[in-house]
Amino acid sequence: MTTAHLVLADGTVFTGRGVGAPGVAVGEVVFNTSMTGYQEIISDPSYAGQIVTMTAPHIGNYGVNEADLQRTTPALAGLVMRAVSRTPSSWRSQGSLPSYLESCDIVAITEVDTRRLTRHIRSHGAMAAALGSDREVGELRLLAERHGSMSGRNLAETVSVAQPGMYPAEGATRAAVVALDLGMKRDILSQLQRRGIEVEVVPAATATADVLQRRPDGVFLSNGPGDPEPVTAAIATVEGLLDRVPVFGICLGHQILGLALGAATYKLPFGHHGGNHPVQRLADGSVSITAQNHGFAVDLWSLSPAEPTAATGELPGRDLLPEQVDTAFGPVVPTHQNLNDGTLEGLACTGIPAFSVQYHPEAAPGPNDATELFDQFAHMIGAGDATA
Amino acid sequence: MPRRDDLETILVIGSGPIVIGQACEFDYSGTQAVKVLRGDGYRVVLVNSNPATIMTDPEFADATYVEPIVPEVVAAIIAKERPDALLPTLGGQTALNTTMRLAAMGVLDEWDVELIGAGLDAIEAAEDRGRFKGIMEGVGIATARSHYVTTLDDAADAAAELGYPVMVRPSYILGGGGTGFATDSAALRPIVANGLDESPIGEVLIEESVYGWKEFELEVMRDAADNAVIVCSIENLDPMGVHTGDSITVAPVMTLSDREYQEMRDEAITCLRAVGVATGGSNVQFAVHPGTGRRIVVEMNPRVSRSSALASKATGFPIAKIAAKLAVGYTLGEIANDITGATPACFEPALDYVVVKTPRFDFSKFPTTSGTLGTAMQSVGEAMAIGRTFPEALQKALRSLESGAWGLTGGAQERRLGELGDEALLEVLARATPERIFVAAEALQRGIAPDMVAHRTGYDPWFVHQLLDVCELRHTIATSDLDEELLRTAKRHGYTDRQIAALAVLDDDAVAEMRRSLGVAKTFKTVDTCAAEFEAQTPYFYGTFEDECEAPVAGDRSVIVLGSGPNRIGQGIEFDYCCVHASFALAAAGYEPVMVNCNPETVSTDYDTSARLYFEPLTVEDVLGVVEAEQPRAVIVQLGGQTPLGLAAALEQAGVPIAGTTPDSIALAEDRERFADLCRRLDVPQPPSGTAGSAADAVHVANAIGYPVLVRPSFVLGGQAMRIVYSADELDAYLAGLLGSGTIDLAAGPLLIDQFLDSATEVDVDAVFDGAELHLGGIMEHVEEAGVHSGDSACVVPPPTLSEGVQARIADLTLRLARGLDVRGLINIQFAVRGEEVFVLEANPRASRTVPFLSKATGVPLAKIATWVMMGASLADLRRDGRLAPSGGSIPGRTAIKEAVLPWKRFQESDRVLGPEMRATGEVMGIAGTVAAAYGKALAAAGHAAPRDGTVFMSLNDRDKVGGVAVARALVEHGFRILATHGTAGHLARNEVPVKHVDKVGDGPYDPVRLIERGDIDLVINTPGNSRTRGDAVLIRRAATRHDIPCVTTLRGASLLVASITEPPHVEVRSLQEHHATLVRSGGS
Ligand SMILES: Nc1ncnc2c1ncn2[C@@H]1O[C@H](COP(=O)(O)OP(=O)(O)O)[C@@H](O)[C@H]1O
Ligand SMILES: Nc1ncnc2c1ncn2[C@@H]1O[C@H](COP(=O)(O)OP(=O)(O)O)[C@@H](O)[C@H]1O
Ligand SMILES: [Mg+2]
Ligand SMILES: [Mg+2]
């Protein structure tokens, strides 16, 4: 293995050894705290444009297999690890991670003090970085500096399908859904199919009329990478769909729904990426441990400018959510909240059939605590009593 | 849901003495729980018979009962204290079983005591293996195919149906007691018979064997609102068939994909819900087929456990503390994660390091055991290590064990294994033994294919390849020049300077020097539950070799306390107790206590105990790493037992300031010849002694001293091999045995020969010396004679038979020795008293096993006093500011007895005769108005309460026959029937004691072993002959062990036991606080 460097835009240098493809990777560096599921993470389109640091030290232990891939070609920019396994072991393994990375042309680095990197990101925020073997540190730094921020880039359209595709329901078809592909994970698709839902996956920029013309029972807004704001076509499409067809969104899809309802989004300092985030369902106080992967969040206060609280005379922080806000589509309530930092994790329209969550009920990787949300959607579109 | 306000007083049951399978992890969990409940405003009543626990320190609970954990006694406590609720899930299997008995007796209903944490039904559902399987089936979770049976015949039918081999598992047991594999029907019968005996309800499960599958454990927490989280996942390196307590285990899980892991997670939570554990922590064990992924649930424990202590230390998530909060109504979302301070406890810790736990075995103390690991737990302790990678953590954990290995490679075992041929090596590779991991390394070094190693050991190939990395690196270090890169790589794989030096043929110092000049420095990382996602508030560190060090900039008030490492026989919880006290004492005096230790079971490794915790091995290099980061004012070495004491000289040499007694004084006390000189100079009498460099020498020396003599090698591989020898013939046999088998090497050190003081009373003393004044903690008189190791004998405070003259003499000798050794801090001395003559057997300038017991018996916190003295305070200062009570003495009108608890039940092939080598794993304390009553309590607490009537079997050696008459007579007067072997019966009959004699073993209707097996004998009094015990006596003692019949092997023990029987069976329960209150009054302030 050759010596490799990861250089951040602020000039911080991390040294390790190169693995995977040769060359240079440039992107926003983030960290993911999941202890299992590297394969799902690598193949999750939501990581488009990002260099992912795995905080778990041993990566590649159980190799790679076809079944756990979320998309056939990974979209992430690069991978940072502490200790990669060359000889995996699992009855399901079909190959080693290093050779998989090489075959997918992904630049990666191992033997890095990933904890130092994580702490750096935690205190300085996610930032651009460049990664490569046998490159001058100065050259990498320049690349990182020039890369700029994720904000304002329409990454979703770069990972979206080019042509619509049809995916049949498992068993009897109980409903048909159009899924707006912003970078959808395979496990979401199978969660829907498993509930007797036939899914037509359409490109991100599909117009409202094109969606409606397919007469779907519901529309699903998928997860996806980066900043939601520049994904203007999808936002417009959703605005047109609301009140005409039931809508369910996950992750980027949730943010798109928020924007379509008129709310604003903002960038989190270093995002949520991991499998252990406690999310409280506000209706009954119950808590799910959830999988998360996002750098932006919906700001509900933007729809109902906050008043300074009587007690402190200060504006409520983001850990306090408004009880309800008014939109062009009627009232919207927060349904879920992150217990770590109080951010919004879910919203629902009370007047029309539309709801969304910021986290990943399909898990992959992560706990399966929240799969009932798919049941809820199935119910909403009339495929309700299908028991998976 | 907030705190429950309808409860006021909560009863917590501890786990009693340390035994194999139930060790100080329950002190850790109990202490946490008691602190939390009290902090929340509840009145806490605690019962635990183990005086060496922190939880039984009087300042923790409101009322602390150091009383036997038996239903009758707990019932009396309930009647007295009227608790509203009982929390049964923090005191291991002991607390669960006692709770079930209390419920069955109707005590809980009678006094209206609510069970919190887990209800009766949930406990039953989890503990009854048959019911548990039914419930699992009901919710779609697979278990091994099985039948549960209550008779031998049904067992045979079941096994035939399932097909051999089968696994036998009794219901309601702990640590795998009574479990076993049967490969055919002949093997099945004895295992099932034993299992039926072991199970309190006489039920065993006959189960399909899943030997060799991968074994996993998940630690689950659930709250009253039905939120559930997995705190930690653990993977066993050793496959199914080796008890998890005896396996090398790794956290988090290494070889499962997310999909497989999440399925397991879902099942664990479903299991908890189905069993109905309302709140708290549980442990669910799984087996996974390595080739197909088929998964079954092995068992679940509806309580905190050894694994949950490990999980707490591994993740920083305090399971017991949270469990206690959940039990009183809080939900996970309402409790803060105190490591981050900012996030709630309702989350799943993310680890960015690897944790490895290695078990510690003491097989050499039980030479007749096979040394093979199986489904019944045999380890006596464990070490945990944290590293950034598995190889690093594994090497750290292995060197933490202090069993001679320097890591995966290097050390005594490597030499030994190096001598095995390839064939032999492959053979031992397939056997589960404590050494198997080293055997695997040796095989890989020899070029044996990793697949072969994986196949033979059952280790997952991923682990084997990690081992291979370490082995390949070993080769590289041995064959190439050390440069920065190689050095760094080696350090990152857990190699110590010493391992590297040995391979590169350099001095240890040279490697350290090279590292310094190349900048390959140790860094410390924080255990923060969240992989650095949030800022950590709690200073809990481990050492590794990375870019960034997170240890805080050193201040000038830190004092390092070195802990005692893994528990082992002779060095257990007592020393951890002392270290924890040091920490508390330092904090109270305005210092910042810094703990270094590697034992995950303990209170000392709770991140709450000290200002900072470094979870590190106790080796010179690792400790120096901490010293470098902390720049301490002083390092305390005298409280953690022999482990830190052994580091003192090297630390001092490296310029580290040692608190209290100097390393030179320590060496003076430890070196037998120097110590003998000192005693001569101080006019302190010792038994005559000599050393011998050869067998012939030994005979001369022994003759000169006169028999009996006590012989011990100064250097032994494995066993301690200490022996009392009564004649020249015996000496010859002993020497031939030891030298012939190569157990000892006289070239490495001579034989030490002491005159054995026959029929002497042994006395232990603990004292604190400040350079001018001595505080005599107390004089503890042993029940058993000298010749039974002080750790294995019962001892009594105040001394019941020693004259005032003897006591004054002991005090004087103690002062002389403390002065002569220039002690600052603690000193422990063992004396032998014969008539009015007092001899010193040994002096240890450190804390001893008896410090906690004595502190509880006298109300003086000796370890704290010693800590303050080490930091420069004088006893006079301490008295002046009230930290030391003006006058000492024990509880007025009361006698306190400490009784040892021995692991015979685990090592049934061993002969349960007490001797000069320690084999006890734990201890209990009894306090009562008379010596006999206190002993009765202690026996009950130790789990062998004396019978009140029935049949006693006696067999005494010649020396004890005379004294045995009084014992027999007292028994007869009390209505016992006496059976005896020929000689004993004849002697008793001649002295007009009605007695019946029995036949030889295996011969006739009065075969004593048969009588024991039939349940016709209630008490065995058997004192062994002088020479190696043989024949019948051994069989009889083993039978007693097997069938749990009380068995006494010393006449003094028998006398006191009989006296205790004749005491009225009245149960007086009194809290330590009540006892100590009488002390304060009599202390007269
Ligand atoms: N069916 C089985 N086949 C092979 N090994 C088993 C089987 N069941 C249990 N074991 C082994 O026995 C050990 C002890 O069994 P377990 O049920 O966990 O008892 P305990 O209550 O003592 O922990 C386990 O750790 C596992 O290694
Ligand atoms: N000279 C002696 N006479 C009688 N008993 C002795 C003598 N020396 C040692 N013993 C017994 O052996 C036990 C262990 O010896 P000791 O020197 O204290 O070793 P350890 O370091 O293991 O505590 C003592 O507790 C005592 O019962
Ligand atoms: Mg078990
Ligand atoms: Mg001793």
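Going line by line, the protein sequences match chains A and B. Read in order, the letters of the first sequence correspond to residues 4 to 391 in the numbering used here. Read in order, the letters of the second sequence correspond to residues 32 to 1116 in the numbering used here. Cβ coordinates follow ideal geometry from the N, Cα and C atoms, glycine included.
is_contact[A/His61, chain B] using C-beta, thresh 8 Å: yes
With 16 other Cβ atoms within 10 Å as the buried cut-off, status of A/Gly354: exposed
Cβ of A/Glu375 within 8 Å of any chain B Cβ: no
Integer-rounded CB distance, given that A/Gly186 should sit under 8 Å from A/Pro48: 3 Å
Cβ pair count under 8 Å reaching 3, the region 659-674 of chain B against the region 434-450 of chain B: no
Touching by the beta-carbon criterion (3+ pairs, under 8 Å), the region 372-379 of chain B and the region 73-81 of chain B: no
Endpoints, beta strand (DSSP E) assigned at B/Thr40: Thr40 to Ile44
Cutoff 7 Å; reference B/Val1089; Cβ partners in own chain excluding five residues on either side: Val998, Ala1001 and Leu1002
Heavy atom of ligand 3 within 7 Å of B/Glu413 beta-carbon: no
Interfacial residues, the region 281-303 of chain B to chain A, with Cβ spacing under 9 Å: Pro283, Val284, Met285, Thr286, Leu287, Ser288, Asp289, Arg290, Glu291, Tyr292, Gln293, Glu294, Arg296, Asp297 and Ile300
Any non-hydrogen atom of ligand 3 within 7 Å of B/Glu659 CB: no
A/Thr113 CB to nearest heavy atom of ligand 3 below 7 Å: no
For B/Ala707, the three-state DSSP class (helix, strand or coil): helix
Contact belief for B/Ala1016 with B/His1028 at Cβ below 8 Å, rounded distance in angstroms: 4 Å
Rounded Cβ spacing between B/Ala355 and B/Val67 (contact assumed at less than 8 Å): 4 Å
CB of B/Val625 within 8 Å of CB of B/Ala613, strictly: no
Euclidean distance between Cα positions of A/Gly21 and B/Ser230: 57 Å
Ordered list of beta strand (DSSP E) runs contained in the region 380-429 of chain B, each at least 3 residues: 385-391 and 412-418
Members of the region 344-371 of chain A that neighbour chain B once the beta carbon cut-off is set at 9 Å: Asp344, Ala366, Ala367, Pro368, Gly369, Pro370 and Asn371
B/Thr28: CB within 7 Å of a non-hydrogen atom of ligand 3: The requested residue 28 of chain B is not part of the displayed model; chain B covers only 32 to 1116.
Rounded C-alpha distance that separates B/Gly953 from B/Ala931: 6 Å
Neighbouring residues, chain A, relative to B/Lys556 (Cβ below 8 Å): Arg118
Secondary structure, beta strand (DSSP E): runs of 3+ residues fully inside the region 1014-1081 of chain B: 1050-1053
7 Å Cβ cut-off: residues of chain B touching A/Ile292: Val260, Phe378 and Glu379
Proximity of A/Ala12 and A/Ala132 at Cβ, strictly below 8 Å: yes
A/Glu365 classed as buried or exposed, judged by whether at least 16 other C-beta atoms fall within 10 angstroms: buried
Residue from B/Ala563, B/Ala888 and B/Gly809 with nearest C-alpha to A/His275: B/Ala563
Within 8 Å, strictly: CB atoms of B/Ala513 and B/Ala543: Checking the sequence, you will find Leu at residue 513 of chain B rather than Ala. Going by C-beta atoms, B/Leu513 is not nearer than 8 Å to B/Ala543.
Buried/exposed call for B/His506, threshold 16 Cβ in 10 Å: exposed
Sequence-distant residues of its chain with Cβ nearer than 7 Å to B/Thr520 (five each side left out): Leu504
Nearest-angstrom Cβ-Cβ length linking B/Val944 and B/Thr1080, presumed shorter than 8 Å: 5 Å
Other residues of its chain near A/Asp322: CB distance less than 7 Å, five sequence neighbours each side excluded: Asp344 and Gly345
Under 9 Å by beta carbon: chain A residues contacting B/Leu363: Pro281 and Val290
Chain A within 8 Å of B/Gly92, Cβ atoms only: Rather than Gly, the amino acid found at residue 92 of chain B in this sequence is Ala. By this cut-off, B/Ala92 is not an interface position.
B/Phe706 versus B/His731 - alpha carbon distance: 23 Å
Backbone CA spacing between B/Gly672 and B/Ser879 [nearest angstrom]: 7 Å
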